[in-house]
Structures are given as structure tokens and as C-alpha cells.
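Visitor: The numbering used here numbers the first residue of the sequence shown as 5 and each following residue consecutively.
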Amino acid sequence: KHRVLSAFLNEGLDDAYMESRCCPEEGRCADISRTFEGFLNVISVCQNPVWIPQSWRMEGRYWPYMNFIGTLENAPQEVQVLLESIDAWEDFGARGWGQYGNDPAFPWGYITNSWDKFGEYYTPEIEKKVEEYYAEDYSNSFMPYMVNDDEFIEVAAEDYHDETPDDQEDLFDQAEEEAIEQDEEDLGVESVVSCGKKIDEPIPTYRKSHALLHTSFYVYKKGPWDGAPVVIEDSKLIFFTVPEVAATTFKQLFRRMMGYEDWHETDDDIPHNPRANGLKYLYDYDLDEAGDMLTSDEWTRAIFVRDPKERILDAFLTRVIGDEAQLIRHHCCKNEGRCADKAMESFLGFMKVANACCNSHWMPQTWRME
Numbered sequence: 005k006h007r008v009l010s011a012f013l014n015e016g017l018d019d020a021y022m023e024s025r026c027c028p029e030e031g032r033c034a035d036i037s038r039t040f041e042g043f044l045n046v047i048s049v050c051q052n053p054v055w056i057p058q059s060w061r062m063e064g065r066y067w068p069y070m071n072f073i074g075t076l077e078n079a080p081q082e083v084q085v086l087l088e089s090i091d092a093w094e095d096f097g098a099r100g101w102g103q104y105g106n107d108p109a110f111p112w113g114y115i116t117n118s119w120d121k122f123g124e125y126y127t128p129e130i131e132k133k134v135e136e137y138y139a140e141d142y143s144n145s146f147m148p149y150m151v152n153d154d155e156f157i158e159v160a161a162e163d164y165h166d167e168t169p170d171d172q173e174d175l176f177d178q179a180e181e182e183a184i185e186q187d188e189e190d191l192g193v194e195s196v197v198s199c200g201k202k203i204d205e206p207i208p209t210y211r212k213s214h215a216l217l218h219t220s221f222y223v224y225k226k227g228p229w230d231g232a233p234v235v236i237e238d239s240k241l242i243f244f245t246v247p248e249v250a251a252t253t254f255k256q257l258f259r260r261m262m263g264y265e266d267w268h269e270t271d272d273d274i275p276h277n278p279r280a281n282g283l284k285y286l287y288d289y290d291l292d293e294a295g296d297m298l299t300s301d302e303w304t305r306a307i308f309v310r311d312p313k314e315r316i317l318d319a320f321l322t323r324v325i326g327d328e329a330q331l332i333r334h335h336c337c338k339n340e341g342r343c344a345d346k347a348m349e350s351f352l353g354f355m356k357v358a359n360a361c362c363n364s365h366w367m368p369q370t371w372r373m374e
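1. Are the stretch 43-53 and the stretch 352-371 in contact at 8 angstroms, needing three or more beta carbon pairs?
2. Could you give the first and the last residue of the continuous alpha helix (DSSP H) run that contains Arg25?
3. Should the stretch 89-104 be called in touch with the stretch 330-346, which here means at least 3 C-beta pairs below 8 angstroms?
4. Helix or strand or just coil, what does DSSP make of Gln103?
5. Are there 16 or more other CB atoms within 10 angstroms of the CB of Glu77, so buried, or fewer, so exposed?
6. Going by Cα to Cα distance, which pick from Glu129, Pro148, Asn106 is closest to Thr370?
7. Could you spell out the range, first to last residue, of the beta strand (DSSP E) harbouring Gly74?
8. Do you know offhand how far Asp190's Cα is from Asn339's?
9. For the alpha helix (DSSP H) that Thr253 lies in, which residues bound it at each end?
10. Any idea which residues DSSP pairs Arg305 with across the strands?
11. If you follow the alpha helix (DSSP H) that Ile316 is in, where does it begin and where does it stop?
12. At a threshold of 7 angstroms, does Phe43 count as lining the ligand NAD (C-beta to nearest heavy atom)?
13. Taking 8 angstroms as the cut-off, decide whether the C-beta atoms of Arg65 and Glu374 are in contact.
14. To the nearest angstrom, report how far apart Asp327 and Asp19 are at their CA atoms.
15. Give me whichever residues DSSP pairs with Val54 in a beta bridge.
16. Rounded to whole angstroms, what is the Cα-Cα separation between Phe146 and Leu17?
17. Spatial neighbours of Gly282 within its chain, please: CB distance less than 7 angstroms, with the 5 preceding and 5 following residues excluded, ordered by chain position.
18. Does the stretch 269-287 touch the stretch 224-236, meaning 3 or more C-beta pairs lie closer than 8 angstroms?
19. Just grab the DSSP bridge partners of Ala11 for me.
20. Please report the Cβ distance between Val309 and Gln58, rounded to the nearest whole angstrom; I am assuming they are in contact, meaning their Cβ atoms lie under 8 angstroms.
21. Okay, do the stretch 341-359 and the stretch 238-250 touch, 3+ Cβ pairs below 8 angstroms being the bar?
22. CB-CB under 7 angstroms to Gly100, same chain, minus the five flanking residues each way: which ones, in chain order?
23. For Tyr137 and Met355, which I take to be in contact (beta-carbon distance under 8 angstroms), what is that distance rounded to the nearest angstrom?
24. From Asn45 to Tyr285, what does the alpha carbon distance come to, in whole angstroms?
25. On the three-pair Cβ rule with 8 angstroms, is the stretch 27-34 touching the stretch 312-322?
26. Sort Asn14, Leu87, Lys121 by Cα distance to Trp55 and report the nearest one.
27. Would you decide whether Thr85 is buried or exposed? Buried here means 16 or more other CB atoms lie within 10 Å of its CB.
28. Is Arg7 closer than 8 angstroms to Pro312 when the C-beta atoms are compared?
29. So, under 8 angstroms CB-CB, Ile47 and Trp366 are touching, yes? Tell me the CB distance rounded to an integer number of Å.
30. Just the C-alpha distance for Glu140 and Val223, rounded to the nearest angstrom, thanks.
31. Between which two residues does the beta strand (DSSP E) holding Val235 run?
32. Please classify Tyr104 as buried or exposed, where buried requires at least 16 other C-beta atoms within 10 Å of its C-beta.
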């Protein structure tokens, strides 16, 4: 819940962001996402890594191999535990951060923009819609956000598991059609795509049962900024970054650990663009070695997740309200920009557009890996 609020504050209010990802043809979805309710409507038919369920961060086969799963809510304590486990806390995490360089990477009292706005944007109706959209996150036993609703949990895991790529595409088409039919409105979404672990090429049948890793897997793909995990070889750390879950700070931390003097800098490429940030990723290793790294007891495989409701709201507040939905306008409705307008109308409008236009800032975190 906090995660989706964060997505609203950061991405949902960014017209260009919402338009580019959800309605690049007309841009109307960005207008809808200008309110929290509108943002929720948008993302219900616009998939995006920023607000999709965190469990989508990787395919289900890899979640059991994660041996450190932290939460943004407890980041000050848990980041310290993680870095101490790889002997990196004193050198890179304990100090050197903040305006005067005296703070740790995640200081006590760490808070995000969406935490104090939760009550302002969430109604019971919107909260239920977010729970439905992030059903896979709330039913993922590896994430600490289980919803105590047996009927909800039973339905939660049915939609996307064990589907063929064609079946998955049908599900996305159906989601868009149902959202538009229900609200009797055209969101202006011009790009309906899948993302996260859903970007899978067909895997040969003979490899499905025993393939530890495949070039089509999201965790091994080049291109997405938060697809393959970051690898810190000296520390034997594999880290799955998640947009709207302190991804900037974590990448700055890893650049610092790799010795870059400009580790604290941020611009259009640094620290996020793999082509420019100097970080190593899983795809920099051959398939056999990378597969061993994903399962070996010698490696720490870590991910930090966030309450989906806070994360999606944060995306709305920063990507829609904070940046006039430029992200949606650029990625979802570049031609006409109507989806960006839709996303800016309300949080629910943003959710509708976001659900139709996939982006790493709001896709379920469950999709983060296979």
C-alpha cells in the first residue's frame, strides 16, 4: 500500500513518465493519473515495473534462493545487517552519506514522501483495488505483506502463474478491456505491454524442467535498468534492485563499493543506466556461472521490498504529481498524451493507466524474478 502510494507521488504525477509508458499515442492516461484514484485506474491496465507486484521481480523458481529479503520500512536496521554480513558496513554504509557526509546510507528515522500521505489518498475502495492489483505480492510467502483474507489469497495466485507467453498476453488484453469497460472511459493508453518476469521468450520444452537459467529470463536480460541483478563479486553479493524501493541509494552504495569517486552523483544515466554506471550485472557472466551464483550457498542473494500500497502511491506522487506525468506520457501515450492526462486526474486514474502500461516503477515486485 505504501509502495503504490510512493509510485503515485513519484511516477503517477509525472505526466511525461505516465504518457511514455501507458499512452504514448495520445497521452490521456497521464491526466487521469493526477489523482490517486485516477492513478490506480491507470495502473490497473498499464503494467510497469515501478508499480507491478514486487513478487514479479523474479520468476518463482528464484524466490526460494533469496537468502536475504529486507524491507524498506526497516531499512536502517536491515541494510546494516546485510552489509555487516559481507564486511562492508563500516567502509561503505556507516558514514559518508548525507549533506555533511556524517550519516549512514539509511539513517534512523528514514522516511519517504508517501508515508505521511497515506491517509490523504487511500479510501477503503482504493485500498481494496490496490490489494487486488498487487494480489501476487500480498500472497507471496517470501514477502512480509500477506493479507489476512483467505478468499483474496486463493484468487491472488491464480492469474499469472504457469501461463504460456500467449496466455499471459491474453490476460493483459483482458485486464485492459475489463478496466475500460468497467469505467466506460478511454484511458488513452497506446502501449499495452508486459514487463518483469512476463517478458519471456518461449523456452524449449526440453529445457523447461532442468534449465537453471535461460537467456530469456528477466534476471539475465540486458536492456531493462532493473532487470538483471547487480553483482558485487568481491563481496559475493547479488542484489535485485526494485524501483521505488530506494533503488537510487542502493546503486550509489554499490558504485561506492566498487570504488567510483562520483558514486554520490545523480543525472539522467547515473546511477541507473547499466551502460553508464559501471556496475556489473548477472548477464556479464556466462549462463553456467550465473546459474551457480543464483543457487550457491557461497553467495548472498538480497532484495529489499516495500508495502505495495505505499510504493504505488510514491510512484504516483513523484512520477505524476511531481513531474506532471512525463514518464507516462513518454512511455505509454507518446503520440497524443491522453493517458498522461488521465493519470493526473486522480490516483485511481493513474492506477488504470499503469495497469495497461507496464513499467518497473509500479509492476508487482513478485515479477522481479522468475
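C-beta: ideal position from N, C-alpha, C; glycine also. Small disclaimer: the values here were computed from a predicted structure and weren't measured.
Guide: The relevant details are as follows:
1. yes
2. Its alpha helix (DSSP H) spans residues 19-26.
3. Result no; under three Cβ-Cβ pairs closer than 8 angstroms.
4. Look at Gln103 here: in three-state DSSP terms it is coil, with no helix or strand label.
5. buried
6. Pro148
7. Segment 72-75, the beta strand (DSSP E) holding Gly74.
8. In a straight line, the C-alpha of Asp190 is about 15 angstroms away from that of Asn339.
9. 251-261
10. Ile242
11. In the DSSP assignment, Ile316 falls within the alpha helix (DSSP H) that extends over 312-323.
12. As far as ligands go, the structure on display features none, and thus does not contain the ligand NAD.
13. yes
14. 6 angstroms
15. Ser364
16. 31 angstroms
17. Hits under 7 angstroms: Arg259, Met262, Tyr264.
18. yes
19. Leu317
20. Yes, Val309 and Gln58 are in contact; Cβ-Cβ is about 5 angstroms, under 8 angstroms.
21. no
22. none
23. Separation of the CB atoms of Tyr137 and Met355 is rounded to 7 angstroms, and the pair is thereby assigned contact status at 8 angstroms.
24. C-alpha separation (whole angstroms): 34 angstroms.
25. no
26. Asn14
27. Per the sequence shown, the amino acid found at residue 85 is Val instead of Thr. Label assigned to Val85: exposed.
28. yes
29. 5 angstroms
30. Across the structure, Glu140 and Val223 are spaced so that their CA atoms are roughly 18 angstroms apart.
31. 234-236
32. Burial call: exposed.
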